[in-house]
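**Q** When we follow the numbering used here, the leftmost residue of the sequence shown carries the number 4, and every step to the right adds one.
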Amino acid sequence: MPPQRAQRTVFVTVGTTKFDALIRAVDRQPFADALVAAGYTRLVMQIGRAEYIPRRLLPPNSRSTRLHNGLAVEYFDFAPSLADHLRGAALVISHAGSGSIFETLRLRCPLVVVPNPLLMDNHQAELADKLERDGHLYAATVENLAEVVARLDPSRLVPYDKGDPAGIVRRIDAAMGLRPKPL
4 MPPQRAQRTV FVTVGTTKFD ALIRAVDRQP FADALVAAGY TRLVMQIGRA
54 EYIPRRLLPP NSRSTRLHNG LAVEYFDFAP SLADHLRGAA LVISHAGSGS
104 IFETLRLRCP LVVVPNPLLM DNHQAELADK LERDGHLYAA TVENLAEVVA
154 RLDPSRLVPY DKGDPAGIVR RIDAAMGLRP KPL
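1) Tell me whether Thr-19 sits in a helix, a strand or coil according to DSSP, three-state version.
2) If you drop the 5 nearest sequence neighbours on each side, which residues of the same chain put their C-beta closer than 8 Å to that of Arg-174?
3) What runs of the alpha helix (DSSP H), each 4 residues or longer, lie entirely inside the segment 99 to 157?
4) Could you give the C-beta distance for Glu-135 and Ala-142, rounded to a whole number, given that I count them as a contact under 8 Å?
5) What three-state label does DSSP hand Gly-42 in the structure shown?
6) For Arg-111, which of Pro-157, Asp-23, Ala-28 has the nearest alpha-carbon?
7) Kindly confirm or deny that the segment 112 to 129 and the segment 58 to 74 touch, where touching means at least three C-beta pairs closer than 8 Å.
8) Provide the residue span of the alpha helix (DSSP H) that contains Arg-90, from first to last.
9) Out of Ala-131, Gly-42, Val-161, which one is the CA nearest neighbour of Gly-73?
10) For Asp-164, which option in Ile-96, Gly-51, His-139, Asn-147 has the closest C-alpha, if you only look at C-alpha atoms?
11) Compute the Euclidean distance between the alpha carbons of Arg-109 and Val-15, then round it to the nearest angstrom.
12) Can you tell me whether Ser-103 is buried or exposed? The criterion is at least 16 other CB atoms within 10 Å of its CB, across all chains shown.
13) Using CA atoms only, rank isn't needed, just tell me which of Leu-85, Leu-25, Thr-44 is closest to Ala-53.
14) Going by DSSP in three states, Ile-26 sits in which element: helix, strand or coil?
15) Excluding the five sequence neighbours on either side, which residues of its own chain have a C-beta within less than 6 Å of the C-beta of His-88, listed in chain order?
And the structure:
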C-alpha cells in the first residue's frame, strides 16, 4: 500500500456574510483541478448565509464527497468557531472582512482574500490592497481566484505582527488637547 499523502486543506470562509459569488467560484471543477495541481488534498467551504448551495462538485443532497482527482470536498454553513478550521488549513481563502483577515494572519496561515464588490464603499478592497502591498496576503477577485491560487508562493509572504494601539491613542489624545495619563 502506498504511503498516504499528508492532508493539505484549503479552507474557504465567508464568515457571517452572504458571498455567493465566492462560493460559486470555488465550486467548479477547474478550480478543484487547480487545487490538486498545487498539491492540495481537501477543500472545505464555510458558506455562511448563502443562497447558493455548492452543487457542481458535490452530489445532490450531499455535504461531502471525494472527486475523481482525489480532492475531498465538503461544506457547512456556520460553526461556533472557525479557529480549528483556520489552524488546520494549509491555505485560507476568505472574504476580505477584517476579523477573518486578522485572525488568519495571526495564525501565520497563507491567505488569499476576495473582497466582496457588492458591499458599500468597497472598504474590503482597500484593506486587501494595503495588506497585499505590505506582503501579508494575496488579493484576488472571483474572476481571477484560480490564477492567484495557482501562482501563490507562501514563502514570499511577510508575517503580520499585531500593532500596538497605544500610539494612535496618544495621537488622538494630543489632537483633542488631552494630557497623557500617568502610568
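We treat Cβ as the ideally placed atom computed from N, Cα and C, and that holds for glycine.
**A** The short version:
1) coil
2) none
3) Scanning the segment 99 to 157 from its first residue to its last, the whole alpha helix (DSSP H) runs of 4-plus residues come out as 101 to 109, 126 to 136, 148 to 154.
4) Under the criterion of beta carbons closer than 8 Å, Glu-135 and Ala-142 qualify as touching, at roughly 4 Å.
5) It is coil, neither helix nor strand.
6) Pro-157
7) no
8) 86 to 90
9) Gly-42
10) His-139
11) Using only the alpha carbons, I get a separation of about 17 Å.
12) Result: buried.
13) Put simply, of Leu-85, Leu-25, Thr-44 the residue whose alpha carbon is nearest the alpha carbon of Ala-53 is Leu-25.
14) When DSSP states are grouped into helix, strand and coil, Ile-26 belongs to the helix group.
15) Phe-14
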